[in-house]
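Asks:
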Amino acid sequence: MLLLLLLLLLLLMLLLLLQLLMLLLLLLLLLLPLIYLSLFIQGNPMKGLICCLSYTKRQLPCKRLLAYSLQTINQNCDINAVIFHMTNGRFVCADPLSSQTRRGMQCVE
């Protein structure tokens, strides 16, 4: 009888531990989007998430440019870049020293 009570107590403790783990997982799932969004709110929308690794060679039509942000060399990103925000929701990396890029920036301003 005592063994049965001990087994039931152990089972109850395991169930409580499982519930605690489920609550921690739920809390983590709720906090991750908030952490992700906080990266977007702090200045540059691309900071900490994506770095340009190369520049586009395509000419960017003014009518497709919504805005731009600047990427600078820092501990996360290796090159300076102008990140154009396109009307289709995409981002395009451009060389900040290019005359084509400067024309695109003037289109947005």
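Position 68 (the sequence shown) corresponds to 68 in the UniProt record's numbering; numbering is contiguous. Virtual Cβ for every residue (Gly too), placed ideally from N, Cα, C.
Specify whether the stretch 57-73 and the stretch 91-105 touch according to this definition: at least 3 beta carbon pairs, one from each stretch, less than 8 Å apart.
Replies: Taking 8 Å as the limit for Cβ pairs, the verdict is that the stretch 91-105 does touch the stretch 57-73.
Asks: Alpha carbon to alpha carbon, what distance is there between Leu18 and Leu28?
Replies: Spanning the two alpha carbons is a distance of roughly 15 Å.
Asks: Would the beta-carbon of Leu70 be found less than 6 Å away from any heavy atom of the ligand HEM?
Replies: This structure lacks the ligand HEM, and indeed carries no ligand of any kind.
Asks: In angstroms, rounded to a whole number, what distance separates the CA positions of Cys93 and Asn74?
Replies: The alpha-carbon atoms of Cys93 and Asn74 are separated by roughly 16 Å.
Asks: I'd like to know whether the C-beta of Leu53 is nearer than 7 Å to at least one C-beta of chain C.
Replies: As a matter of chain content, chain C is missing from the structure shown, which is built from one protein chain.
Asks: Please state the DSSP three-state secondary structure of Leu20.
Replies: If DSSP states are grouped into helix, strand and coil, Leu20 belongs with the helices.
Asks: When we look at the beta-carbon of Leu65 and count the other beta-carbons within 10 Å, is it buried (16 or more) or exposed?
Replies: Counting Cβ neighbours within 10 Å, Leu65 comes out buried, since at least 16 surround it.
Asks: Do Asn76 and Cys52 count as a contact pair if the criterion is CB distance below 7 Å?
Replies: Cβ atoms of Cys52 and Asn76: not closer than 7 Å.
Asks: Taking C-alpha atoms, which residue in Leu31, Leu70, Val82 lies nearest to Thr56?
Replies: With distances taken between Cα atoms, Thr56 lies closest to Val82.
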